[in-house]
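>
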């Protein structure tokens with residue numbers, strides 16, 4: 006099996022097995038995993054060439070981590086722009102327009118999975134698309150009850166690590182910090198966090214949730230179940246729940262982590278609270 010939901014592993018855009026191209030080959034979506042592979046989140050690499058523009062509305066909540074290039078998103082709330090190292094939050098059922106200004110590379114994580122949201126697998130969707138029989142992708146957006154916060158699950162937003170004012174210290178000596186963008190309390194179905202780690206830090210960790218981490222700066226070597234590999238910027242690190250791994254920071258490193266279930270669901274209390 007290409008994707009193993011029980012193994013800590015590194016994935017790149019060259020590794021994907023199920024791909025879709027559209028807009029005359031100028032747009033590419035390559036799935037790493039979905040429900041069929043045992044992942045609780047949809048995991049994909051997305052590439053766009055400059056000049057691609059299209060309208061969209063997703064049937065799931067999606068987080069896109071920009072690793073190269075820049076895009077503009079037009080919504081009813083206004084115009085936002087996302088570049089390298091930033092997170093674009095796209096809530097389910099909220100329409101927008103992508104305007105790709107330059108060659109763009111992103112890693113995308115969404116919940117529920119494609120299959121749970123659409124009712125067919127990614128592979129089945131591809132076959133239906135070729136026959137012009139695409140299933141309904143519409144979804145109702147959330148109501149206004151949680152709107153208006155720093156993280157607003159009812160509108161599209163862009164987040165940068167410098168936006169955060171509250172960070173949890175993992176290890177002061179190793180300059181290791183985690184800053185949460187959103188969790189269950191903010192209405193997100195996934196935990197969303199930036200992390201910063203100083204060079205030379207070593208951490209032996211086990212997470213109580215499945216986490217997808219995108220390295221945006223630096224590099225980290227990971228050791229788990231007898232294997233060792235290095236994760237570089239733009240690559241995806243998948244860490245299954247309750248699976249141990251040792252992380253060795255070879256450089257000052259920054260990453261975006263997205264996990265399910267949320268921190269609050271896994272630990273019984275929100276992040277930043279004992």
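In our numbering, the protein residues as written are 6 to 279.
Where is the CB? At the ideal position from N, CA and C, for every residue including glycine.
Measuring alpha carbon to alpha carbon, tell me which of 273, 267, 235 ends up nearest residue 256.
235
> Exposed or buried, residue 60, counting other C-beta atoms within 10 Å across all chains shown (16 or more means buried)?
exposed
> With H, G and I counted as helix, E and B as strand and the rest as coil, what does DSSP make of residue 33?
strand
> When burial is assigned at 16 or more other CB atoms within 10 Å of the CB, is residue 97 buried or exposed?
buried
> For residue 274, count the other beta carbons within 10 Å of its own beta carbon; 16 or more makes it buried, fewer makes it exposed. Which is it?
Its Cβ having fewer than 16 others within 10 Å, residue 274 is exposed.
> Could you check what DSSP says for residue 132 in three-state terms: helix, strand or coil?
helix
> Can you name, in chain order, every residue of its own chain whose Cβ lies under 7 Å from the Cβ of residue 250, other than the five neighbours on each side?
Non-local beta-carbon contacts of residue 250 in its own chain, meaning distances under 7 Å to residues more than five positions away in sequence, involve 13, 210, 227, 228, 229, 244 in chain order.
> In angstroms with no decimal places, state the Cα-to-Cα distance between residue 64 and residue 165.
25 Å
> Starting from residue 123, trace the alpha helix (DSSP H) both ways and give me its first and last residue.
Here the alpha helix (DSSP H) through residue 123 covers 119-123.
> Whole angstroms is fine: what's the gap from residue 153's alpha carbon to residue 78's?
19 Å
> Compare the beta carbon distance of residue 39 and residue 193 with 9 Å and say whether it is the shorter of the two.
no
> Let me make sure I understand the geometry here. Which of 121, 70, 185 has the alpha-carbon closest to that of residue 144?
121
> Report, in whole angstroms, the separation of the C-beta atoms of residue 45 and residue 188, which I expect to be a contact under 8 Å.
Actually they are not in contact, since the Cβ atoms of residue 45 and residue 188 sit about 16 Å apart, beyond 8 Å.
> Looking at the unbroken beta strand (DSSP E) that takes in residue 54, where does it start and where does it end?
Where residue 54 is concerned, there is no enclosing beta strand (DSSP E), given that its DSSP letter is neither H nor E.
> Can you tell me whether residue 49 is buried or exposed? The criterion is at least 16 other CB atoms within 10 Å of its CB, across all chains shown.
buried
> Which first and last residues belong to the alpha helix (DSSP H) in which residue 272 is found?
268-272
> Which term fits residue 26, buried or exposed, when burial requires 16 or more other beta carbons within 10 angstroms of its beta carbon?
By the 10 Å Cβ count, residue 26 comes out exposed.
> Measuring CB to CB, does residue 146 end up less than 9 Å from residue 99?
yes
> Determine the DSSP secondary structure at residue 71, reduced to helix, strand or coil.
Correct three-state label for residue 71: strand.
> Residue 267: which of 131, 58, 276 sits nearest, CA to CA?
It is 276.
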